[in-house]
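J.: The following block contains the structure, expressed as structure tokens.
Chains as they are written, first to last, in the numbering used here: chain A, 1322 to 1842; chain B, 8 to 332.
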């Protein structure tokens, strides 16, 4: 009798437990899982791609960068540039409103820029840390109800500046002026096609389509952004049908998703340039291999030493094309072909450069530093590169460092090398954007301390010229970069997205997850 | 007794201060956190400006005493990333972690006691061997691996339980919304089971071994032999005479079990996407959100020290020799 009772209790428990909750999204709801949450709902604090994905739906920008790299009108219909290139006037659409019904006018655009730049607000992140200084922002003023002028510090490439200014999320003055910074960081009122509904920190964030939004169409009424930090859990939720899109699928889980019948993986060549930097800073003068690496011939020789295709196939789980320059296709110099993997050629060039193999088979020793946990399978890739270099006689010691506590401060202080592994975000819309890493010998992002006079002279010439001249100058610069390489160019990092089979959506190259026009199949 | 409590309170304050100093120094030893709050393309000027905005340009003792001064007034600073009061962020997330911790503790205790007793009563049998094998595996299995396996087999394969996520119970309960709290209780429990097993399996295994060995020890004592010789039924001997005494060691460690489990939830919170304090602190450490980490250290110190203090006071109450020494 006791045994029968036990079986009944067990069955009852199993029934209770197996009543799986209806987590599968309905046809009006799209669920996207990312590994990290937004830090705050403050448009001027956005600092990561995961945050930009959400804010890109809540807040509109003056112009919009499409997945294929075109910069198209959005809140603004057009813009004009003053003769000296320092004043950009944006003309807004009529009848725009923020989500609280407040009219969106030139005053709001000006307020957005001024609020972001105000030191009293102590904002950090992309807008104040990169966009405004990158575009040379000085101030902004209202030139009419629908005309906002951004004042800048000098001429610059038009496409570069337009793209930069298109990253600023416009918000309404009256609403934000009435809030403290703390309040604003909890209750965003945006200008984009979706409005904020609910946020449970580190759990989920819900947005819903704004009725009657005229600037773009929206397919789904509701988008839920779930935070699932563990990649295996994201994959499991996708395969279970509870999530429609996941980002950062690890290569080892691609087959599991593709074989599930519930979802598939889209692999795209991202815009992030992955490279090995050669350190020119004199602080490294005593470091092993420094002297050899100063020679252009040695740096060119090492371009032939690394089998990038095999690294991609074996360690990144996909085929990838080796980069020919620091600029993303299709904006790169079409006349440049990537260096092939040819270790014999590498050895030949190293011999010619005055570094023959010694009795122990070593030409010279050096150190390659790299991070763990920042880029796709980074530590393994760094070790593979170290081995390829050792194979041609450049005895390479690999040092893997923690990304946030160790590597980031070193990188920003240009205290890495003599060889260092790094990725740098790129774009689909401007060659010069991709080249800003090396905008001057002292630029914060010139981590190699590279000093090629021809390159920097051409850079200055390329600012504020017509697009055709800019193209010619860019091509010349990329030839300089190719022949006197400060980087050992590797690949554009592949990005893997898991996408439900119920969904018709194409992943973009620029790591942005924009789903206005995603549709059900 | 009063003097004893005052002395222990003073010691607790010193411990908390010591912990804050240690946390502060180690966080700053790990490098300048400014770099995590600027764009990867920021120049030196921007980095310097951000350093000033965040207050990291001030001397370390000044930064520490500013934090300490705020702490004495109940202000544990503002999170750099969330731009919200750090204490508020922690308290907002604490209910989810407490739910997980308490449920794990409940599982670890309620399952450990019967299987520990059974193993002791069947010493040397396959049942005993099986329980000990389970306990050994449970203590050596890595939490993140177990969590992922549970997701794959129970969540995804069998579809018995949710794969990840959280349905709050304590939060609406504390807010006085009893309808929501109890209405969602079944869902809350279903979401709790897999993470709680992941968190609690180590404690469960350890407790089972403890109950078994304690039970074996008690069962070998003379008063049990006497009880048997008087002809008492085995069930009565075990439950009435042996069980109570065998539980003392378990009761002793249960006081500290909560703190132990509380510190072990980070992995489960990450694997199961559980929005608790563990993940909050883990992310804050990665992002070098120093005010938030400091605040968490203080809150955790209070919880740990408070629990220890409580246990010590109870001991002193039960055994006067402790307070006299």
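We put the beta carbon where it would ideally sit given N, CA and C, even for glycine.
Taking only beta-carbon atoms, is residue 1450 of chain A less than 7 Å away from chain B?
T.: Reading the first chain from its first residue, position 129 is the one you call residue 1450 of chain A. It does: the Cβ of residue 1450 of chain A has a partner Cβ on chain B nearer than 7 Å.
J.: Considering only the beta carbon of each residue, do residue 1510 of chain A and residue 1420 of chain A sit closer than 7 Å?
T.: On the first chain, position 189 is the one that residue 1510 of chain A refers to. On the first chain, position 99 is the one that residue 1420 of chain A refers to. In this structure, residue 1420 of chain A lies closer than 7 Å to residue 1510 of chain A by Cβ.
J.: Is it true that the CB of residue 1688 of chain A sits closer than 7 Å to the CB of residue 1714 of chain A?
T.: The count along the first chain starts at 1 and reaches residue 1714 of chain A at position 393. The count along the first chain starts at 1 and reaches residue 1688 of chain A at position 367. No, Cβ-Cβ distance for residue 1714 of chain A and residue 1688 of chain A is not below 7 Å.
J.: How big is the Cα-Cα spacing for residue 294 of chain B and residue 29 of chain B?
T.: Taking the second chain and counting its residues from 1, one reaches residue 294 of chain B at position 287. Taking the second chain and counting its residues from 1, one reaches residue 29 of chain B at position 22. Computed Cα separation, rounded: 19 Å.
J.: Does the count of Cβ pairs from the segment 275 to 295 of chain B and the segment 1829 to 1836 of chain A closer than 8 Å reach three?
T.: With the cut-off at 8 Å, the segment 275 to 295 of chain B and the segment 1829 to 1836 of chain A do not touch.
J.: Just mark residue 1791 of chain A as buried or exposed, buried being the case when its beta carbon has 16 or more other beta carbons within 10 Å.
T.: In the first chain, counting from the first residue as 1, residue 1791 of chain A sits at position 470. That one is buried.
J.: Output, in sequence order along the chain, the residues in the segment 159 to 177 of chain B whose CB is closer than 8 Å to any CB in chain A.
T.: Taking 8 Å as the Cβ-Cβ cut-off against chain A, the residues of the segment 159 to 177 of chain B that qualify are 159, 162, 163, 165, 166, 167, 168, 169, 170, 171, 172 and 173.
J.: State the DSSP-derived secondary structure class of residue 1829 of chain A, mapped to helix, strand or coil.
T.: Translated into the one-based positions of the first chain, residue 1829 of chain A becomes position 508. Residue state, collapsed to three classes: coil.
J.: With 16 as the cutoff for other CB atoms within 10 Å, does residue 290 of chain B come out buried or exposed?
T.: Your numbering for residue 290 of chain B matches position 283 in the second chain. Residue 290 of chain B is buried by the Cβ-count criterion.
J.: Name the chain B residues whose beta carbon is nearer than 8 Å to that of residue 1730 of chain A?
T.: As a position in the first chain, residue 1730 of chain A is number 409, starting the count at 1. Result: 38, 39 and 42.
J.: Hey, is residue 297 of chain B's beta-carbon within less than 7 Å of any beta-carbon in chain A?
T.: Here residue 297 of chain B is taken as the residue at index 290 of the second chain, counted from 1. No, residue 297 of chain B does not count as interfacial toward chain A.
J.: Which residues in chain A sit within 7 Å of residue 293 of chain B, going by Cβ to Cβ distance?
T.: Reading the second chain from its first residue, position 286 is the one you call residue 293 of chain B. Those are 1725, listed as they occur along chain A.
J.: Any beta carbon of chain A sitting closer than 7 Å to that of residue 336 of chain B?
T.: The structure shown does not extend to residue 336 of chain B, since chain B is modelled only from 8 to 332, so the question has no answer here.
J.: By Cβ distance below 6 Å, which residues in the same chain neighbour residue 94 of chain B in space, the five residues on each side in sequence not counted?
T.: Here residue 94 of chain B is taken as the residue at index 87 of the second chain, counted from 1. Counting only Cβ-Cβ distances below 6 Å, and skipping sequence neighbours, we find 83 and 302.
J.: Give the DSSP bridge partners of residue 1530 of chain A, in chain order.
T.: The count along the first chain starts at 1 and reaches residue 1530 of chain A at position 209. BP columns for residue 1530 of chain A point to A:1515.
J.: Could you work out which residues of chain B lie near residue 1266 of chain A, taking near to mean beta carbons separated by less than 8 Å?
T.: No answer is possible for residue 1266 of chain A: the residues shown for chain A start at 1322 and end at 1842.
J.: Beta-carbon separation of residue 1745 of chain A and residue 1758 of chain A under 7 Å?
T.: In the first chain, the residue the question calls residue 1745 of chain A occupies position 424. In the first chain, the residue the question calls residue 1758 of chain A occupies position 437. Yes, the pair counts as a contact, with Cβ atoms nearer than the cut-off.
J.: Between residue 1369 of chain A and residue 1446 of chain A, what straight-line distance do the alpha-carbon atoms span, to the nearest angstrom?
T.: What you label residue 1369 of chain A is simply residue 48 of the first chain in a count that begins at 1. What you label residue 1446 of chain A is simply residue 125 of the first chain in a count that begins at 1. So the alpha carbons of these two residues sit roughly 8 Å apart.
J.: Would you kindly check if the distance between the Cβ of residue 209 of chain B and the Cβ of residue 266 of chain B is under 7 Å?
T.: Here the question's residue 266 of chain B lines up with position 259 in the second chain. Here the question's residue 209 of chain B lines up with position 202 in the second chain. No, they are not a contact pair.
J.: Just by C-beta distance, which residues in the segment 99 to 132 of chain B are closer than 9 Å to chain A?
T.: Answer in chain order: 99, 100 and 103.
J.: May I ask you to report which of helix, strand or coil DSSP gives residue 14 of chain B?
T.: Counted from its first residue, the second chain places residue 14 of chain B at position 7. Of the three classes helix, strand and coil, the one that applies to residue 14 of chain B here is helix, per DSSP.
J.: Just to confirm before moving on: does the CB-CB distance between residue 1735 of chain A and residue 1696 of chain A stay below 7 Å?
T.: Translated into the one-based positions of the first chain, residue 1735 of chain A becomes position 414. Translated into the one-based positions of the first chain, residue 1696 of chain A becomes position 375. Not closer than 7 Å, so no.
J.: Given a threshold of 16 other Cβ atoms within 10 Å of its Cβ, counted over all protein chains shown, does residue 1393 of chain A qualify as buried or as exposed?
T.: Numbered from its first residue, the first chain carries residue 1393 of chain A at position 72. Exposed is the call here.
J.: DSSP three-state label for residue 1412 of chain A, please.
T.: Numbered from 1 along the first chain, position 91 holds the residue referred to as residue 1412 of chain A. Three-state DSSP puts residue 1412 of chain A in a strand.
J.: Measuring CB atoms only, is the segment 1547 to 1562 of chain A touching the segment 1397 to 1412 of chain A, in the sense that at least three cross pairs come out at less than 8 Å?
T.: Counting Cβ pairs under 8 Å, fewer than three are found: no touch.
J.: Please list the partners that residue 282 of chain B has in chain D, where partner means a Cβ-to-Cβ separation under 7 Å.
T.: No chain D is part of this structure, whose protein chains are labelled A and B.
J.: CB-CB under 6 Å to residue 31 of chain B, same chain, minus the five flanking residues each way: which ones, in chain order?
T.: Working through the second chain from its first residue, we reach residue 31 of chain B at position 24. The answer, listed in chain order, is 71.
J.: Compile a chain-ordered list of the residues in the segment 1548 to 1570 of chain A whose CB is closer than 8 Å to at least one CB of chain B.
T.: Listed in sequence order: 1548, 1549, 1550, 1551, 1553, 1554, 1557, 1558, 1560, 1561 and 1563.
J.: Going straight from the alpha carbon of residue 1343 of chain A to that of residue 1559 of chain A, what length do you get?
T.: Position 22 of the first chain, counted from the first residue, corresponds to residue 1343 of chain A. Position 238 of the first chain, counted from the first residue, corresponds to residue 1559 of chain A. Note on residue 1343 of chain A: pLDDT 43, under 50, position unreliable in the model; the coordinate value appears next. Distance between the alpha carbons of residue 1343 of chain A and residue 1559 of chain A: 14 Å.
J.: So, are the CB atoms of residue 191 of chain B and residue 174 of chain B less than 7 Å apart?
T.: Your numbering for residue 191 of chain B matches position 184 in the second chain. Your numbering for residue 174 of chain B matches position 167 in the second chain. Result yes, Cβ atoms of residue 191 of chain B and residue 174 of chain B sit closer than 7 Å.
J.: Quick one: is residue 60 of chain B near chain A, going by C-beta distance under 7 Å?
T.: In the second chain, residue 60 of chain B corresponds to position 53, counting from 1. Yes - at least one Cβ of chain A is within 7 Å of the one on residue 60 of chain B.
J.: Please go through the same chain and pick out, in chain order, the residues whose beta-carbon is closer than 6 Å to the beta-carbon of residue 1666 of chain A, but skip the five residues on each side of it.
T.: Against the first chain, residue 1666 of chain A aligns to sequence position 345. For residue 1666 of chain A, where only same-chain residues beyond five positions count, the Cβ hits under 6 Å are 1625.
J.: Locate the beta strand (DSSP E) running through residue 1546 of chain A, then write down its first and last residues.
T.: One-based indexing of the first chain puts residue 1546 of chain A at position 225. First-last of the beta strand (DSSP E) with residue 1546 of chain A: 1543 to 1548.
J.: Say whether chain B places a C-beta atom closer than 7 Å to the C-beta of residue 1360 of chain A.
T.: Counting from 1 along the first chain, the entry for residue 1360 of chain A is found at position 39. It does: the Cβ of residue 1360 of chain A has a partner Cβ on chain B nearer than 7 Å.
J.: Suppose the cutoff is 8 Å on Cβ atoms and the five residues either side in sequence are ignored; what does the same chain contact list for residue 1579 of chain A look like?
T.: One-based indexing of the first chain puts residue 1579 of chain A at position 258. Cβ neighbours of residue 1579 of chain A beyond the five flanking positions: 1585 and 1586.
J.: Pick out whichever of A:1590, A:1620 and A:1588 has its Cα sitting closest to the Cα of residue 1600 of chain A.
T.: Here residue 1600 of chain A refers to the residue found at position 279 of the first chain. If we check each option's Cα against that of residue 1600 of chain A, A:1620 comes out closest.
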